[in-house]
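Numbering (UniProt numbering), first residue to last: 1 to 83.
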């Protein structure tokens, strides 16, 4: 599964912030392809150290993400331009 297949990541992020191991595993699964792509950039194989570092950073960012502030922002349709 990929994060683009989920309509709303907020419940997953909130569960990660509550140290839910299943949510952490799901988050890593959802972003796994992108992490592997970045950890492989310019090389033939995925660098396991870089992969682990990116996974740690992803979970750290999810734990620090301010969901309330995000939800307070006005939603914007993909076709709508900022003014």
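For each residue, glycine too, the CB sits at the ideal point set by N, CA and C.
Item to check | Residue closest to residue 53, alpha-carbon to alpha-carbon, out of 16, 14, 74, 36 | outcome: Indexing the chain shown from 1 puts residue 53 at position 53. Looking at the Cα atoms, 36 is the closest of the given residues.
Next on the checklist: Does residue 10 come out as helix, strand or coil in the three-state DSSP assignment?
Outcome noted: Locating residue 10 in the chain shown gives position 10, where the first residue counts as 1. In the structure shown, residue 10 sits in a helix (DSSP, three-state: H, G or I).
Next on the checklist: In the DSSP assignment, the alpha helix (DSSP H) including residue 86 goes from what residue to what residue?
Outcome noted: Nothing about residue 86 can be reported from this structure: the residues present for the chain run from 1 to 83 only.
Next on the checklist: Between residue 5 and chain C, is any beta-carbon pair separated by less than 8 Å?
Outcome noted: The question asks about chain C, but that chain is absent: this structure has only one protein chain.
Next on the checklist: Helix, strand or coil for residue 4? Go by DSSP, reduced to three states.
Outcome noted: The residue given as residue 4 occupies position 4 in the chain shown. DSSP places residue 4 in helix when its eight states are reduced to three.
Item to check | Selected residue, minimal CA-CA separation from residue 16, among 39, 63, 76 | outcome: For this step, residue 16 is matched to residue 16 along the chain shown. Here the closest residue by C-alpha is 63.
Item to check | 6 Å CB neighbourhood of residue 65 in its chain, flanking five on each side removed | outcome: Translated into positions along the chain shown, residue 65 becomes position 65. Here the set comprises 13.
Checklist entry - Excluding the five sequence neighbours on either side, which residues of its own chain have a C-beta within less than 7 Å of the C-beta of residue 26, listed in chain order? => result Within the chain shown, the letter at position 26 stands for residue 26. So the list reads 12, once near-sequence residues are dropped.
Checklist entry - Which residues bound the alpha helix (DSSP H) around residue 74? => result To locate residue 74, count along the chain shown from 1; it is residue 74. Neither: residue 74 is in no alpha helix (DSSP H) and is coded neither H nor E.
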